[in-house]
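Every letter in the sequence shown is one number past the one before it in my numbering, and letter 197, counting from 1, is 197. Take a look at the structure set out below.
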Amino acid sequence: MEKNNRIFKGILILAAVLVLAGSGSLYYFRLDTPVFFSHYYDLRVQRENMYAEDIVLRYVTNAYDRRVVTAVEIPEMPGVALWASEGEQAQFQWEMDEKSIPGEIIGRYSVRKVYVRNFSIPEEVEVDGKVIRKLKVQFDDGSEMMVDIGELHLYEHQRKEEESPYEHVSSSGSSDGTSLTVYRILEELTLTEAKSFLAEKLKDRLDWRIDEKVPEEAVGHVYGERSILNVSSEVLAGENIQDAYAVFDVQPVLTFIDGEGKLYTQRFYNMRSQEENYSFSGLRAFIRERGR
Numbered sequence: 001m002e003k004n005n006r007i008f009k010g011i012l013i014l015a016a017v018l019v020l021a022g023s024g025s026l027y028y029f030r031l032d033t034p035v036f037f038s039h040y041y042d043l044r045v046q047r048e049n050m051y052a053e054d055i056v057l058r059y060v061t062n063a064y065d066r067r068v069v070t071a072v073e074i075p076e077m078p079g080v081a082l083w084a085s086e087g088e089q090a091q092f093q094w095e096m097d098e099k100s101i102p103g104e105i106i107g108r109y110s111v112r113k114v115y116v117r118n119f120s121i122p123e124e125v126e127v128d129g130k131v132i133r134k135l136k137v138q139f140d141d142g143s144e145m146m147v148d149i150g151e152l153h154l155y156e157h158q159r160k161e162e163e164s165p166y167e168h169v170s171s172s173g174s175s176d177g178t179s180l181t182v183y184r185i186l187e188e189l190t191l192t193e194a195k196s197f198l199a200e201k202l203k204d205r206l207d208w209r210i211d212e213k214v215p216e217e218a219v220g221h222v223y224g225e226r227s228i229l230n231v232s233s234e235v236l237a238g239e240n241i242q243d244a245y246a247v248f249d250v251q252p253v254l255t256f257i258d259g260e261g262k263l264y265t266q267r268f269y270n271m272r273s274q275e276e277n278y279s280f281s282g283l284r285a286f287i288r289e290r291g292r
């Protein structure tokens, strides 16, 4: 009997230790506030356009956190509020199942996607060339937080009224992070500039080439009539966890000049980060490096 009592007491002590350890781990890994990943986007801004494209922001929060983001504000543009949702399909938050929690549960954390709907800005707000580094996000429980979002480079699409001196042949992108865009040059053109602030910032994550040359070496090349221009890219693995978890969509600009001195510009797309396979250890390292 005494032996059984000792075993029973031992089991109770072990159970208590496990409960305390579990409670301690919950406290240790718990986030006081969500942590947003770094985003590096070239963003074409629409003007009061109901068909403007969504942009996607990602963050990590505690597992089973039921709060969801419902709106995004741009502090540098007072009065501009953008509707947001954590559901991929446009829907109001109260239409979501109350028991459902969006995002991907990974250990003690949940990785979320915020779809900022119809990224359009009123006409009176100047945006071309503006760089956004902070956003204010609002949650459905009334709370809000200021976020260091990375760099969102805004630009306005310029409509081309004149006939283009080049034509699009094909574009392709692959799940392995490679892309290729092909243009045919219709008259003699000289490449005078290959510009991308974000590609330079992300040089450890994005390798892009113009006819298999790094952009600096390609500048100055003369393209004859009917010649082919290839712009390719490859997404590389990050050297550290901050780089690996960075989210980006880079759209470099190439500038050409014709024989009469007229300038033409062309943006190139499909240079974006891939879906990340998050792990608990990776998320923990990311959060530690962010000082959280």
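Quick reminder that beta carbons are idealized off the backbone N, C-alpha and C, glycines included.
Contacting residues, own chain, Cβ-Cβ under 8 angstroms from residue i (five flanking each side not counted)
i, result
"V225", "The displayed chain sequence assigns Glu, not Val, to residue 225. I185, L186, E187 and E188, listed in sequence order."
"T70", "W83, A84, S85, Q93, Q138, F139 and D140"
"G282", "I241, A244 and Y245"
"K201", "Y40 and E151"
"I101", "Y64, D65, R66 and S110"
"Y155", "D42, L43, R44, V45, V127, D128 and G129"
"I228", "V169, V182, Y183, R184 and I185"
"V114", "V56, L57, R58, Y59, V69, V72, A84, S85, E86 and V137"
"E275", "none"
First through last residue of the alpha helix (DSSP H) which encompasses residue i
i, result
"G282", "F280 to E289"
"D340", "With the chain running from 1 to 292 in the structure shown, residue 340 is simply not present."
Own chain, CB closer than 7 angstroms to residue i, minus 5 neighbours either side, in chain order
i, result
"V125", "M77 and V80"
"H157", "R44"
"A218", "L191, A194, I210 and D211"
"E144", "K136, V137 and Q138"
"V116", "D54, I55, L57, V72, L82 and A84"
"G291", "none"
"V68", "E86, Q93, P102, F139 and D140"
"E289", "I241 and Q242"
"E163", "none"
"A237", "A244"
Within 7 angstroms, strictly: CB atoms of residue i and residue j
i, j, result
"G150", "H39", "yes"
"V253", "K195", "yes"
"V247", "S279", "no"
"T190", "I257", "yes"
"L180", "S232", "yes"
"Y59", "P34", "yes"
"P165", "Y264", "yes"
"V182", "D42", "no"
"R30", "N62", "yes"
"M146", "K130", "no"
Enclosing beta strand (DSSP E) for residue i [first to last residue]
i, result
"Q138", "V131 to F139"
"H157", "No beta strand (DSSP E) holds H157; DSSP gives it neither H nor E."
"I185", "T178 to I185"
"K113", "Y109 to V116"
"S172", "Y166 to G173"
"Q266", "L263 to R267"
"A81", "A81 to S85"
"F248", "V247 to V250"
"N230", "I228 to V235"
"E104", "E104 to I106"
"D128", "Neither: D128 is in no beta strand (DSSP E) and is coded neither H nor E."
"I293", "Since the first residue shown for the chain is 1 and the last is 292, residue 293 is missing from the structure and cannot be characterised."
Same chain, Cβ closer than 6 angstroms to residue i, five either side skipped, listed in chain order
i, result
"A285", "I241"
"G107", "F280"
"E239", "D204"
"A16", "Unreliable positioning characterises A16 in this predicted model, as indicated by a pLDDT of 40, which lies under 50. The coordinate reading is nonetheless provided below. Contacts found: none."
"P122", "none"
"N230", "V182 and D211"
"P215", "A194"
"H221", "L191"
"H153", "D42 and V131"
| Curious, which full-length beta strand (DSSP E) runs of at least 3 residues does the segment 194-226 contain? | Within the segment 194-226, the complete beta strand (DSSP E) runs of at least 3 residues are 206-210.
| Any 3 or more C-beta pairs closer than 8 angstroms across the segment 207-214 and the segment 168-175 | Between the segment 207-214 and the segment 168-175 there are fewer than three inter-stretch CB-CB distances shorter than 8 angstroms, so the stretches are not counted as touching.
| Any beta strand (DSSP E) of 3 or more consecutive residues that is wholly inside the segment 30-78 | Secondary structure in the segment 30-78: the beta strand (DSSP E) runs of 3 residues or longer, each lying completely within the stretch, are 39-45, 55-62 and 69-73 in chain order.
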